[in-house]
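Engineer:
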Amino acid sequence: MSRRISVEGKVAVITGGASGIGAATARALASKGAHVVLLDRADTVADAALALSRSKGNRHLGLRADVTDSASLTAAIATVIDNYGCIDILVANAGVAEAGTVVVTPIDALVRTVEVNLIGVMRTVHAALPHVIDQRGHILIVSSAAALKNVPGGSAYAASKAGVEWFGGSLRLEVAHKGVSVGVAHPAWIRTPMYEAQDKIDAVREAITKLPWPFSVVTDVDECAAAFVAGVENRSRKVYVPAALAAVDKVRGVFTGRLWDLAVGLRASTTVPELEREVSALRAAQNA
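Counting the sequence shown from 1 gives a position; the working numbering is that position plus 324.
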């Protein structure tokens, strides 16, 4: 199997494609001549597809689909096959994030984070995989830098993204002999609506600035998309945004071990109560 592929003329399906990283990745793929299909539960997904450039004669489509609902994914994939006949590239990107500790976060919110971020990836891959196998294509699964470290305030998110990484790693071994390559992406902070919502919380914003480099790096969404597309073109095993996270991954034990716990714990006695107070106040205001 040739390692590098051209995306021109290829059919690429992206979940969470109506905004953020998904939309930016769609623009980057479309600019290189790919036919892009956006899947999203948002009503704006069709408009997002219409906004993609057609300068290279490529065709785009936006479909409503919910990654927590296998029936909607199966129906969407069937529509893709009806319209294009194949799927060459799958980007399993849909995800949610919510700041807060286990104590102050409703259990339904914690469970939903795992349901969307991890189980949603499983449902997405399961629905599309036979068609990607037919094309000996590439799957890019979006994990996070959160899978590389332990920090308070995002336990369900980190758990879901760590699960995504291990799911992707096992999937890679299951389908390699079928000619399919699987990459796992580890983006840190990316300027998206999800990031902006987190950044409005003072305790979160301050915590980001205190993270060691490169965990504290905030990357423009188009730069992230360019890295994702390069990862697809090169059938990369891993994609890191920023690229310096590759070095972190090699020594991730430092950021999940006892010394890290001690270092972070020195601040946690102050930062965690501040986060809990702020998140609780925001929830109370939203429910008022």
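Beta carbons: idealized from backbone N, C-alpha and C, even for Gly.
All figures in this text were calculated on a predicted structure; none of them were measured in a lab.
Does the distance from the C-beta atom of ARG559 to that of SER505 stay below 8 Å?
Structural biologist: For ARG559 and SER505, yes; Cβs fall inside 8 Å.
Engineer: What's the C-alpha gap between ILE532 and THR594?
Structural biologist: The straight-line gap from Cα to Cα measures roughly 15 Å.
Engineer: Assuming the contact rule is C-beta atoms closer than 8 Å, ILE345 and THR516 should be a hit. Round their C-beta distance to whole Å, please.
Structural biologist: Contact holds; Cβ gap of about 6 Å.
Engineer: Work out the CA separation of PHE539 and ILE463 for me, nearest whole Å.
Structural biologist: Each residue's alpha carbon lies about 25 Å from the other.
Engineer: Starting from the C-beta of ALA366, find all residues in its chain whose C-beta is less than 6 Å away, skip the five residues before and the five after it, and write them out in chain order.
Structural biologist: Cβ within range, chain order: ALA342.
Engineer: Are there 16 or more other CB atoms within 10 angstroms of the CB of THR580, so buried, or fewer, so exposed?
Structural biologist: The residue in question, THR580, is exposed, as its Cβ has fewer than 16 Cβ neighbours within 10 Å.
Engineer: If you follow the beta strand (DSSP E) that SER505 is in, where does it begin and where does it stop?
Structural biologist: First-last of the beta strand (DSSP E) with SER505: 505-511.
Engineer: According to DSSP, is LEU374 part of a helix, a strand, or is it coil?
Structural biologist: Helix.
Engineer: Going by other Cβ atoms of all chains shown within 10 Å of its Cβ, with 16 needed for buried, is LYS502 buried or exposed?
Structural biologist: Classification of LYS502: exposed, given that the 10 Å Cβ count is below 16.
Engineer: Under the rule that 16 or more other beta-carbon atoms within 10 Å means buried, what is ALA418, buried or exposed?
Structural biologist: The residue in question, ALA418, is buried, as its Cβ has 16 or more Cβ neighbours within 10 Å.
Engineer: Is the segment 403-413 touching the segment 450-459 in the sense that three or more CB pairs, one from each, lie closer than 8 Å?
Structural biologist: At 8 Å Cβ cutoff, the stretches touch.
Engineer: Span of the beta strand (DSSP E) holding VAL563?
Structural biologist: Run containing VAL563: 562-565, per the beta strand (DSSP E) assignment.
Engineer: CB-CB under 8 Å to ILE525, same chain, minus the five flanking residues each way: which ones, in chain order?
Structural biologist: If we look at ILE525 and ignore the five residues flanking it on each side, its Cβ neighbours are ALA423, LEU599, GLU602, VAL603 and LEU606.
Engineer: Helix, strand or coil: which one does DSSP assign to ARG388?
Structural biologist: DSSP places ARG388 in strand when its eight states are reduced to three.
Engineer: Considering only DSSP beta bridges, list what ALA336 is partnered with.
Structural biologist: Answer is VAL360 and ILE413, bridged to ALA336.
Engineer: Going by the DSSP bridge assignment, what does HIS462 pair with across the sheet?
Structural biologist: Answer by DSSP bridge pairing, in chain order: ILE413 and SER505.
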